[in-house]
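4 protein chains.
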Amino acid sequence: MPSTPAHDRALSALDRFRVELPSWGFADTGTRFGKFFQDAAASNLEEKLHDAGHVHQLTAACPTVAVHVLWDFDDASDTSSAEKTKKMAADHGVSIGSVNPNLFQDQEYRHGSLCSPDASARERAMTHCRESIALGAAVGSKSLAMWMADGTNYPGQDSIRRRFGALKEAYVQLASHMRDAWPGATFLAEYKPFEPAFYQTDIPDWGASLLLCQAAGDNAKVLVDTGHHLPGCNIEQIVALLLAEGRLGGFHFNDRKYADDDLTLGSIDPYAVFRIFHEIASFEHDTGLAPGGAGVDYMIDQSHNLKPKLEAMVQTVCEAQKQFAKAQLVDRAKLAEFQGAGDLVGAETVLKEAYEADVSGLLAEWRRAHGAAEDPLATLRSSGVIEQLGKERAAAREAAGGQRGGGYA
Amino acid sequence: MPSTPAHDRALSALDRFRVELPSWGFADTGTRFGKFFQDAAASNLEEKLHDAGHVHQLTAACPTVAVHVLWDFDDASDTSSAEKTKKMAADHGVSIGSVNPNLFQDQEYRHGSLCSPDASARERAMTHCRESIALGAAVGSKSLAMWMADGTNYPGQDSIRRRFGALKEAYVQLASHMRDAWPGATFLAEYKPFEPAFYQTDIPDWGASLLLCQAAGDNAKVLVDTGHHLPGCNIEQIVALLLAEGRLGGFHFNDRKYADDDLTLGSIDPYAVFRIFHEIASFEHDTGLAPGGAGVDYMIDQSHNLKPKLEAMVQTVCEAQKQFAKAQLVDRAKLAEFQGAGDLVGAETVLKEAYEADVSGLLAEWRRAHGAAEDPLATLRSSGVIEQLGKERAAAREAAGGQRGGGYA
Amino acid sequence: MPSTPAHDRALSALDRFRVELPSWGFADTGTRFGKFFQDAAASNLEEKLHDAGHVHQLTAACPTVAVHVLWDFDDASDTSSAEKTKKMAADHGVSIGSVNPNLFQDQEYRHGSLCSPDASARERAMTHCRESIALGAAVGSKSLAMWMADGTNYPGQDSIRRRFGALKEAYVQLASHMRDAWPGATFLAEYKPFEPAFYQTDIPDWGASLLLCQAAGDNAKVLVDTGHHLPGCNIEQIVALLLAEGRLGGFHFNDRKYADDDLTLGSIDPYAVFRIFHEIASFEHDTGLAPGGAGVDYMIDQSHNLKPKLEAMVQTVCEAQKQFAKAQLVDRAKLAEFQGAGDLVGAETVLKEAYEADVSGLLAEWRRAHGAAEDPLATLRSSGVIEQLGKERAAAREAAGGQRGGGYA
Amino acid sequence: MPSTPAHDRALSALDRFRVELPSWGFADTGTRFGKFFQDAAASNLEEKLHDAGHVHQLTAACPTVAVHVLWDFDDASDTSSAEKTKKMAADHGVSIGSVNPNLFQDQEYRHGSLCSPDASARERAMTHCRESIALGAAVGSKSLAMWMADGTNYPGQDSIRRRFGALKEAYVQLASHMRDAWPGATFLAEYKPFEPAFYQTDIPDWGASLLLCQAAGDNAKVLVDTGHHLPGCNIEQIVALLLAEGRLGGFHFNDRKYADDDLTLGSIDPYAVFRIFHEIASFEHDTGLAPGGAGVDYMIDQSHNLKPKLEAMVQTVCEAQKQFAKAQLVDRAKLAEFQGAGDLVGAETVLKEAYEADVSGLLAEWRRAHGAAEDPLATLRSSGVIEQLGKERAAAREAAGGQRGGGYA
């Protein structure tokens, strides 16, 4: 590919594009109908960091790993192991990314966590969040990612307003506490329309997340999980509006066809992924930011029951880079001209040309320059790494009595 | 029905419950596949006010009529006829309610109105809104109901952020202008996820409406049209959150199964209507407001292609009163007790008992006391009014050369 | 309530209305985000049958219990225990209803069961189905309920046509085998649009179920799970079409707001439940069948994470009876008259009058006559049974080392 | 692009790939909120055929034009003008394709057409269909495309079973009549879940269409309109099942994000279009048919309010060819191997490689060889044809008194 301004812009944007890996994405997981186990699944934080490190080695784009407090730390209340954890990550070539409290698995959370009608559950949840904040600061992370399962299953089960009020109070306290205890870090407020709650989720959409962030302060931003929307929802518009408001914190990447299906990014609707990146690139362009410089956190949130976990992660990172790079190629001057003239077909064509551009050469060039594999997925698949890990871990698991875990129930 | 506290509360709440009728709901209308004409359809403002007056006479619950500036005024720029219009309404026993600008039918609005890329279209839209505000003040209305069709059909067609920015600027100006030119009136900001725009609507959801209202000022509130949501959306939760924020302005009532289907309220999902009223009654209870005293505007927005328009309106008013009255019967002390105890089935049962209560006696009592028909729909259907109007209007129409109109294309 | 023809028809229809309870509905269950345990949850078939028997005792409407082969039989290949099982059920006042093979939990089914690309998985699934048929015949059940999780998560993962062809072949063989081995029993073919498969489910809708049944023979009928449809789907129309084709086998009852949410019947949309029963009653009326005589199997399929299982089951049975009884009250002569005249409001009013009728007296009358509790839910809640069972079972569980199970993962 | 077997297969498949243009797609149209007029819109059959001829000239892929009986023939009962119509089409380089009866615009159809409760409406509809069949045979068309708006807006409005029974009887008669009166032609049975009917559409889904076709006979096939599905529906699976049953008749091409949005094909979800073509190519491959030889009718059904009609049609034809060509490139041997091995990522990668292939060279090669423009859209846009037509037609329209029409209301 010749060195055009667009080409160079894409390359430099890719330098700023980092995709965070989820520790839980390397562990066994499933649906409520069952789990299908994989020999190579990771069972503890060390194995997860190893796998994340391997993905980063192949892609050079994944320097951080999101952690789940309940699954990845032996004792959430003990920050003394932070140095050990940081070193463990460093040994695998990565560092600790967003810290994810777990506010949904304890039996006490059956009616909610931060907005449960039960004061003891609320207090337990606040304590867990404060401990997560302490852990986050201790391990050098840059963000707390708050996803809560709070909600109700039946009309009347609880007061929607009381719950939202309790949540707002909690978020205000936590974000304020973070500004002292973990300066510079971001409080990310995720939303989800349903599941595991089936009548009402306490933070159902971006509007609710935004209200909470407005109350919580400037360190609070909205986290957009691409799978957490009602059918038909225009996600890129939400992205555009949040950017304009200065409240887009980041993404949890996955794809879905029906509900929160946890599929690899772009596996169902790749053009929609491109359009999200297009909105961000357009914002950066219009506000004079460097390409890729909007300060958005890109994180993967996927738990795979059938795809080999390492493959799924590498696939997603490569797909994200592909669509991200294409979005840099949009000819924005031409686009603005067609938009101004009300030329629908002209404007659409500009967008589609970028979407349909072949960026494999550009990505290979970037990867060569950064010491990554030119085709990370092919390299992974032909390397035998997964088979080898499978053998080792199966043997270790057998030796340890068959224990599995470290992820969703 | 015996006079219990709940019974009395419901009766007094009904005193405060007013349902505004839409002038356009009495005119011929249809889908993009065609219109089916009705002899009794109204063709001009006088006929619409007549019909609305008849509904109010039957129900004693509909003292105001929403007007559509383009369809109901000969010249939007001329406020001199305001006195005549007010008198015409008064002659039919009603007064003028919300004023609805029309920002979607002029050819110039093909790419939008207040946020069109075309400055001339934007200016035309602003002028129309200012004229609507002048008209509203002149006719003694209490609100401006802003629904806009602005949006795009294709990815790339226009800049989502530029459009939203333009819209925000316009809303800020208009709401500010209203505070001077029409003090005490409410600027109602409606939202809709799609149609007539098919890729992106500029105010797609309550979150977007809320952002606009926050910018526009305290006289700006969100208008919830019950048919303007994505499938599965929990509307009563939106109502609860807007109430808590002090930003719920009012409703456009209708029902839908699929998209914006414009069906009579409660015809598809009556329990959902009850749950909306339950959230409002719960808010009134918790904040010490009188039952029905939350200051929410209840308006009908339905255009019927098949149901006789008068019947559909009476049906909707009666259904609204029915579900509203039931919501007053919820035993809130008992509900709060079950909610606090995490007793799902207990709490749900309290709600369902109110929903399943027979309020026909209570409504008949209220209607007798207010000079309405005890069973407005039955009275209308047996009165022969629609047949009589049909004859008269068909004859008048024939005499006038067959002209029809006054509503959706 | 006076003894009118409608009243008597409803009473006699209720005599024919039986609701089958699911054994797995009494065991602990959850979502993929976790389970919330209940002390009173049943852990084995005996406890499940006990609980089902208790529901039947309270309602007199639930003489049969659906069983899940994998969870309720120690050894699916051994029919010798059938007599013991039958006796165990009889001891609790119930008998064994539909038999549900489990084709989704074995690791071998990771790519499907009857239509897996793996011949060994297909064979295992066929063997399990044949064993289930043998068990069904041995325990005196009347139906095999086939729900399969088969499907794929990604475009390209497998050949949709090959899979459907394999499924059809399997269904043809199994239904044919049933005609010999289990004469008189029904092969019920369920469908589901998604979950646990997220790109494509091999039997996604009623059309696919119907194709399979047409191939499989007259003993094959479609099973409609009320929660297994895309958003907005008109379920009662599917019911009407299947009745007309002679292919409606039965129902799995539950409710949902978003996806397959497994909520209690009618908790979200009770009018929709009524409309389903209305279609069935209308079919019975038009074809001269006795009210309730259409030969449809009514089964509950709900697994509750939060509601006490016994309460949820009693609630559902009562809700089903309530809506079923209301549907009997529709004045079909009047309805037909309005329909023939194109009188929309008249026809709708007839339907709504039945829906809004108070049938509590009628149901109490029926229950008194059949030795059930007049208000089964209130009786259950005040009886202390759940608390007592909780104590006993918690103690037994502790004694046994904490083992839980018998339901969804 | 080098001449590989895949390349040659794609070229030869393109030879068999024809996209039919809709006459109504060149006329003014809109939504229920209004129409935006275009100077270049066609107002009569001659202008429509001219425009279709121009699209065919640019693309060499559109030899036929679908006609709408009510809009394109002066007198449906008069087949004597068939020769003139055929000649008019031939003069513009095209011929008459599918014939579309209009069963939704007459006032008499307010409660339905072929299944209206009104016998006179049913008879009128039958007559219109028979006349359409006569016209179709006379003009040398190959198919009758039956889309009906029949349905109801409210529960109870009519008997769903009676309506479906009437429809089935009508389809049986019409398809039988076609076998005599129009041998070799196909009776295409379209479905749609909603709009213009809002409670229930009489042919809501492919299952209902299939039942009708099974009853109607072998000349009856299902017509899949890509915009006529509930949110989330897996359309390519329906295509696969219909192919396996020998009942896939053809397509109406368009795209949608929300409902039946009538957008240009692939403008929202191009990967979904590719997957549909992949299923067809896979069927052809597995059954030994020539590539593109499945005998499926590809038709456009789009009415554009904003995009210039000629541009939208050319865009859609090019998009269809692009995705169709890509689907020919799938390495089916490799795909089958990965599928058999349960290698999800391998199989998906094979599909995605074809989807992401750059086929612009291949298409240009095919176009050069067939006398089409290499880039039909660019050629059209730079040709000034639309501007020229706009001037001519605006002048002619003015001269004729402003009459517009020939399409949706």
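Residue numbers (full-length UniProt numbering), protein chains in the order written: chain H, 1 to 409; chain G, 1 to 409; chain E, 1 to 409; chain X, 1 to 409. From the three backbone atoms N, C-alpha and C, an ideal C-beta is built for every residue, glycine too.
By the rule that beta-carbons nearer than 7 Å mark a contact, Ala-272 of chain X does not touch chain E.
When CB distances to chain H are screened at a threshold of 8 Å, the residues of the segment 239 to 262 of chain E falling below it are Arg-256, Lys-257, Tyr-258, Ala-259, Asp-261 and Asp-262, in chain order. The beta carbon of Ala-149 of chain H sits closer than 7 Å to some beta carbon of chain E. Interface flag for Gln-105 of chain X against chain G is set, since a Cβ pair is found closer than 7 Å.
Counting only runs of 3 or more residues that sit fully inside the segment 86 to 169 of chain X, the beta strand (DSSP E) segments are 95 to 100 and 143 to 146, in chain order. By the Cβ criterion, the segment 289 to 309 of chain H is not in contact with the segment 355 to 364 of chain H, since fewer than three pairs of Cβ atoms, one from each stretch, lie closer than 8 Å. Here the C-alpha atom of Pro-193 of chain G lies approximately 40 Å from the C-alpha atom of Ala-400 of chain X. Interface annotation, Leu-70 of chain E: not in contact with chain X, CB-CB separation never under 7 Å. Judged by beta-carbon spacing, Phe-274 of chain G lies within the 7 Å limit of Gln-323 of chain G, meaning their Cβ atoms are closer than that value. Here Asp-297 of chain E is bridged, per DSSP, to E:Gly-250.
Under DSSP, no beta-bridge partner is assigned to Val-317 of chain G. Closer than 7 Å to the CB of Phe-277 of chain G there is not a single CB belonging to chain X.
With respect to the 7 Å criterion, Ile-133 of chain X and Ala-189 of chain X are not classified as neighbours on the basis of their beta carbons. Straight-line measurement puts the Cα of Ala-378 of chain E at about 53 Å from the Cα of Leu-223 of chain X. Of the other Cβ atoms in all chains shown, 16 or more fall within 10 Å of the Cβ of His-54 of chain G; this residue is therefore buried. Beta-bridge analysis with DSSP links Thr-31 of chain X to X:Gly-34. For Glu-195 of chain E, the chain H residues whose C-beta falls within less than 9 Å of its own C-beta are Thr-31, Arg-32, Phe-33, Tyr-258, Ala-259 and Asp-261, listed in chain order. Gly-140 of chain G has a beta carbon lying at 7 Å or more from every beta carbon in chain E. In the DSSP assignment, Asp-225 of chain E forms a beta bridge with E:His-252. Residue contact check for Gln-323 of chain X against chain E: no CB pair falls below 7 Å.
Counting along the chain, Val-330 of chain E sits inside no beta strand (DSSP E), nor does DSSP assign it H or E at all. Annotation for Thr-59 of chain X: the continuous alpha helix (DSSP H) segment containing it runs 45 to 59. For Thr-287 of chain X, there is no enclosing beta strand (DSSP E), since its DSSP letter is neither H nor E. Per the Cβ contact rule, the segment 60 to 78 of chain X is not in contact with the segment 338 to 345 of chain X (fewer than 3 Cβ pairs under 8 Å). Annotation: the continuous alpha helix (DSSP H) that includes His-7 of chain X extends over 5 to 15. Fully contained in the segment 178 to 243 of chain X are the following alpha helix (DSSP H) runs of length 4 or more, in chain order: 206 to 216.
Residue state for Pro-22 of chain H is assigned as strand, using DSSP reduced to three classes. Excluding its 5 nearest sequence neighbours in each direction, Ala-347 of chain H has C-beta neighbours in its own chain below 8 Å: Leu-335, Phe-338 and Gln-339, listed in chain order. Just so you know, the alpha carbons of Gly-184 of chain E and Gly-288 of chain X end up roughly 42 Å apart.
Secondary structure at Ala-259 of chain E: coil, using DSSP grouped into helix, strand and coil. Neighbours of Tyr-154 of chain G in chain X, taken as residues whose beta carbon is under 9 Å from its own, are Leu-263, Thr-264, Ser-267, Ile-268, Leu-306 and Lys-307 in chain order. The beta-carbon separation of Ala-145 of chain X and Asn-100 of chain X, rounded to 5 Å, stays under the 8 Å limit for a contact. Under the three-state reduction of DSSP output, Thr-349 of chain H falls in the helix class. The three-state secondary structure of Val-69 of chain X, taken from DSSP, is helix. In this model, Asp-78 of chain X and Leu-135 of chain X are separated by some 8 Å (Cα to Cα).
By the Cβ neighbour-count rule, His-111 of chain X is buried, with 16 or more other Cβ atoms within 10 Å of its own.
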